[in-house]
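Notes follow once the structure below has been shown.
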Amino acid sequence: AETLSALALQMEYQIIVLDPRQDKVDGWRGSDVSVHVLIGIDQLAAYADSHTSLITLTHDRDIDDNALFAAADLPYAFIGALGSRRTSANRSSRLRARGLSEEALARIHAPVGIDIGSKTPMEIAVSILAQLTQLKRGAMSQSGQVCRSVA
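Dropping the structure here:
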């Protein structure tokens with residue numbers, strides 16, 4: 603999140619970091635962005651609109667699953683989740699078992715980012731921002747179809 607935030611700021615994105623873990627918020631070492639404790643998962647609705655992307659990056663299965671489950675039916679422009687293909691497949695199975703529809707699952711880009719073989723935090727951030735830039739510039743939609751710009 604810290605690397606993605608720093609790079610996204612350079613690309614003139616507005617960043618808000620939400621994390622339910624107080625220690626992570628208190629220990630934020632990243633760029634000077636708005637960092638808040640996520641009090642309740644329903645708080646995600648306050649940020650949902652057609653110009654906002656939600657990307658889960660915690661590496662905590664429960665936190666990410668809960669956020670994705672809550673956000674999948676909200677009007678975010680883009681929803682992405684960090685993880686390997688295997689992690690993403692397991693997450694989809696868990697979300698499906700919780701009752702998330704196939705339509706809602708299809709909105710979640712996982713693993714998030716363009717597949718460039720990224721391994722380091724900076725490479726992952728570049729791949730995520732490349733995918734967001736495609737969306738912003740109208741090169742893709744949630745389903746991979748051509749669409750107009752959302753910015």
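Heads up, the numbering used here is the position in the sequence shown plus 602, with the first residue counted as 1. All residues carry an ideal CB built from backbone N, CA and C; glycine is no exception.
- The beta-carbon distance between Ala672 and Leu646, rounded to whole angstroms, is 5 Å. This is short enough to meet the 8 Å contact definition.
- Shown here, Thr722 sits in coil according to DSSP, grouped into three states, outside any helix or strand.
- Just so you know, the alpha carbons of Leu684 and Arg739 end up roughly 22 Å apart.
- Taken in chain order, the complete alpha helix (DSSP H) segments of 4 residues or longer contained in the region 616-683 are 624-628, 663-673.
- Going by C-alpha positions, Leu609 is about 9 Å away from Ser633.
- Around the CB of Asp644, fewer than 16 other CB atoms lie within 10 Å, so the residue is classed as exposed.
- Partner residues in a beta bridge of Ile716, as assigned by DSSP, do not exist.
- A straight-line Cα-Cα distance of about 12 Å links Ser652 and Asp675.
- Where Ser695 is concerned, the enclosing alpha helix (DSSP H) starts and stops at 687-699.
- In this model, Gly642 and Ile665 are separated by some 11 Å (Cα to Cα).
- Taking C-beta atoms under 8 Å as the contact rule, His711 and Phe680 qualify, at a distance of about 7 Å.
- Within the same chain, Val619, Gly632, Leu659 come within 7 Å of Ala603 by CB-CB distance, once the 5 residues on both sides are set aside.
- Excluding five sequence positions before and after Gly682, the CB atoms of its chain that fall closer than 6 Å to its own CB belong to Ile657, His711, Val714, given in chain order.
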